[in-house]
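Novice: In our numbering, the protein residues as written are 2 to 119.
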Amino acid sequence: MSMEIFMKSPTGRTICLRVNPTDTLSTVKAKIQEQQRLVYNGVQLDDNLTLADYNIQHMSTLDHQEKMQIYIKETLVGTTITLEVDSLDTIGNVKAKIAYILRAFLWINNASSLPINS
2 MSMEIFMKSP TGRTICLRVN PTDTLSTVKA KIQEQQRLVY NGVQLDDNLT
52 LADYNIQHMS TLDHQEKMQI YIKETLVGTT ITLEVDSLDT IGNVKAKIAY
102 ILRAFLWINN ASSLPINS
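Structure follows, in C-alpha cells:
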C-alpha cells in the first residue's frame, strides 16, 4: 500500500514522494536522486531502517539536510581552518563549533611552542 510523504529542502522547496511504509531510507533517497541526509522530527534517519521503523506515515514531512564546509581564517597565525556544518545548524551551533575548533587549534599551537622538560 503506497502513501505520499513530503520532502522539504533547506531552500524551503517541498516535493511530494510516493513511497511504501516498508521502503528503506536508501530507497527514498534514490527517489530524491541525491545522497543527502534525511531528518524527521529532529532525528537523523538511518539509511538501513524503514519508514515504518520511524513511524513515518501518510502526509509526513522529511527535512533534507545538506553538509557544507565553511572556512575560518585564524588571524593570529594566518591559518585557514575548515569546519563541516549542516544546513540545519543554527547560527548559535555554528558559533559553538567555531569556538571549540579555535580553542583546540590555539591550544595545539601554544603547546607546540612550549619547551619540552627533560
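Heads up, the beta-carbon is just placed ideally off N, CA and C, and yes, glycines get one too.
If you count every other CB in all the chains shown that lies within 10 Å of the CB of glutamine 36, and 16 or more means buried, which is it?
Specialist: Your numbering for residue 36 matches position 35 in the sequence shown. Residue confidence is low: glutamine 36 scores 44 on pLDDT, short of 50, so the model does not pin down where it sits. No coordinate-derived value is stated.
Novice: Please name the residue in Met4, Asp24, Cys17 and Glu67 whose C-alpha comes closest to that of valine 86.
Specialist: On the sequence shown, position 85 is the one that residue 86 refers to. Looking at the Cα atoms, Glu67 is the closest of the given residues.
Novice: Go through its chain and collect everything with a Cβ distance to cysteine 17's Cβ below 7 Å, but skip five positions before and after it.
Specialist: What you label residue 17 is simply residue 16 of the sequence shown in a count that begins at 1. Result list for cysteine 17: Glu5 and Phe7, in chain order.
Novice: Please go through the same chain and pick out, in chain order, the residues whose beta-carbon is closer than 8 Å to the beta-carbon of asparagine 49, but skip the five residues on each side of it.
Specialist: Against the sequence shown, residue 49 aligns to sequence position 48. Answer for asparagine 49: Thr25, Leu26 and Ser27, listed in chain order.
Novice: Sort out for me which residues DSSP pairs glutamine 45 with in a bridge.
Specialist: Looking up residue 45 in the sequence shown gives position 44. In the DSSP output, where bridge partners are listed per residue, glutamine 45 has Val40.
Novice: Quick one: give me the first and last residue of the beta strand (DSSP E) that valine 86 is part of.
Specialist: Counting from one through the sequence shown, the residue named residue 86 turns up at place 85. Here the beta strand (DSSP E) through valine 86 covers 80-87.
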